[in-house]
Amino acid sequence: MTEQTGTVLVVDDEPQIVRALRINLTARGYKVVTAHDGAAALRAVAETKPDVVVLDLGLPDIDGTDVITGLRGWTTVPIIVLSARGESPDKVKALDLGADDYVTKPFGMDELLARLRAAVRRSTVPSAEGEALIETESFTLDLLAKKVHRDGVEVHLTKTEWGVLELLVRNRGRLVAQKQLLREVWGPGYENESHYLRVYLAQLRRKLEREPSRPRHLITEPGMGYRFEA
1 MTEQTGTVLV
11 VDDEPQIVRA
21 LRINLTARGY
31 KVVTAHDGAA
41 ALRAVAETKP
51 DVVVLDLGLP
61 DIDGTDVITG
71 LRGWTTVPII
81 VLSARGESPD
91 KVKALDLGAD
101 DYVTKPFGMD
111 ELLARLRAAV
121 RRSTVPSAEG
131 EALIETESFT
141 LDLLAKKVHR
151 DGVEVHLTKT
161 EWGVLELLVR
171 NRGRLVAQKQ
181 LLREVWGPGY
191 ENESHYLRVY
201 LAQLRRKLER
211 EPSRPRHLIT
221 EPGMGYRFEA
């Protein structure tokens, strides 16, 4: 018997996609629950308490972004958007509303499964929120003292560098959208200044990563945002 690895709610009105996901996920030990529209999805999350939601944006009754908004009003369940809307504004909007990841149709099943495994892992481990000390193989962060050490030596960070790093760390494993980073670190009105993030992430990687050109902890999701992995 295959060991169960979690419950996945698949929200999509395309029968062939639902069938493909059900077959592949069930074969890998997941329990699969399905919903074909937004209203059913909201009910299913409340009733089945899934470990992760795979959500299409183009639903027949309400838009998938409204489902994200509805869920984020009361639950932190990981949401992976699976959508044919591949344009950057659609991705950014979904992430800003609280989605954790975004996969564009047509998609590779292996990629989706990898992202789903990561989302399930994150949903079953404590987040960095509330933790004072975060350790990686490259550096250690003390969120209370607002200090970073690498090889036993304190690393000097500017106020802005710390702001970017702290926001990513407190959302460990979650994709933080570019606009959210810009808004929370720089303030309202800076949401479109994405070049700021490229500059500051490059600076942080030079200071903290073992191989800045191949970062293991400060990860870029092109066109969408950034992620911290311990």
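With the first letter of the sequence shown counted as 1, position 172 gets the number 172 in the UniProt record's numbering; the numbers rise by one all the way through.
Every residue gets a Cβ at the ideal spot worked out from N, C-alpha and C, and that includes glycine.
Treat the numbers as computed from the prediction; the structure is a model and nothing was measured.
Please state if the CB of residue j and the CB of residue i are separated by a distance shorter than 8 Å.
i, j, result
"Gln119", "Val10", "Residue 119 is actually Ala in this sequence, not Gln. No, they are not a contact pair."
"Asp90", "Asp61", "no"
"Glu154", "Lys147", "yes"
"Asp12", "Asp56", "yes"
"Gly225", "Leu181", "yes"
"Arg19", "Val32", "no"
Which word fits residue i, buried or exposed, when buried means at least 16 other C-beta atoms lie within 10 angstroms of its C-beta?
i, result
"Glu135", "exposed"
"Gly152", "exposed"
"Leu208", "buried"
"Leu204", "buried"
"Arg214", "exposed"
Roughly how many whole angstroms lie between the Cα atoms of residue i and residue j?
i, j, result
"Leu97", "Tyr196", "22 Å"
"Ala41", "Thr34", "8 Å"
"Glu211", "Ile219", "12 Å"
"Leu113", "Thr69", "24 Å"
"Leu201", "Thr48", "39 Å"
"Glu161", "Thr75", "30 Å"
"Asn171", "Arg227", "8 Å"
"Asn24", "Glu87", "27 Å"
"Thr104", "Ala94", "12 Å"
"Tyr30", "Pro78", "15 Å"
"residue 311", "Ala99", "Since the displayed the chain opens at 1 and closes at 230, residue 311 lies outside it and no answer follows."
"Arg121", "Gly189", "35 Å"
"Arg216", "Gly108", "23 Å"
"Tyr102", "Arg43", "22 Å"
"Gly73", "Lys179", "20 Å"
"Ile17", "Pro106", "10 Å"
"Val169", "Ala39", "34 Å"
"Leu82", "Glu14", "12 Å"
Any heavy atom of the ligand ZN closer than 7 Å to the CB of residue i?
i, result
"Asp90", "As presented, the structure is devoid of all ligands, the ligand ZN included, so that no description of it is given."
Our contact map puts residue i next to residue j with C-beta atoms below 8 Å; I'd like the distance itself, whole angstroms only.
i, j, result
"Val45", "Ile80", "Not really, about 14 Å apart at Cβ, beyond 8 Å."
"Ala84", "Gly64", "With 8 Å as the limit, Ala84 and Gly64 do not qualify as a contact, their Cβ atoms being about 11 Å apart."
"Glu221", "Leu175", "6 Å"
"Glu229", "Gly173", "6 Å"
"Gly163", "Val185", "4 Å"
"Thr7", "Pro50", "4 Å"
"Glu191", "Arg183", "6 Å"
"Thr158", "His149", "That belief does not hold up - the Cβ atoms of Thr158 and His149 are roughly 17 Å apart, past 8 Å."
"residue 232", "Ala177", "As displayed, the chain neither begins before 1 nor continues past 230, which places residue 232 out of reach and without an answer."
"Ala132", "Leu144", "5 Å"
Just to confirm the assignment, what range does the beta strand (DSSP E) spanning residue i have?
i, result
"Gly6", "Gly6 to Val11"
"Tyr190", "Premise fails: Tyr190 is in no beta strand (DSSP E) and is neither H nor E."
"Gly225", "Gly225 to Phe228"
"Val164", "Element bounds for Val164: not the beta strand (DSSP E) but the alpha helix (DSSP H), Lys159 to Arg170."
"Ser83", "Ile79 to Ser83"
"Asp142", "Thr140 to Asp142"
"Ala35", "Tyr30 to Ala35"
"Leu218", "Leu218 to Glu221"
"Arg150", "Lys147 to Arg150"
What are the start and end residues of the alpha helix (DSSP H) that includes residue i?
i, result
"Thr48", "Gly38 to Thr48"
"Leu57", "Per DSSP, Leu57 belongs to no alpha helix (DSSP H) and is neither H nor E."
"Lys93", "Ser88 to Leu97"
"Leu25", "Pro15 to Ala27"
Does any residue of chain C have a CB that is nearer than 8 Å to the CB of residue i?
i, result
"Leu197", "You won't find chain C in this structure, because it holds only one protein chain."
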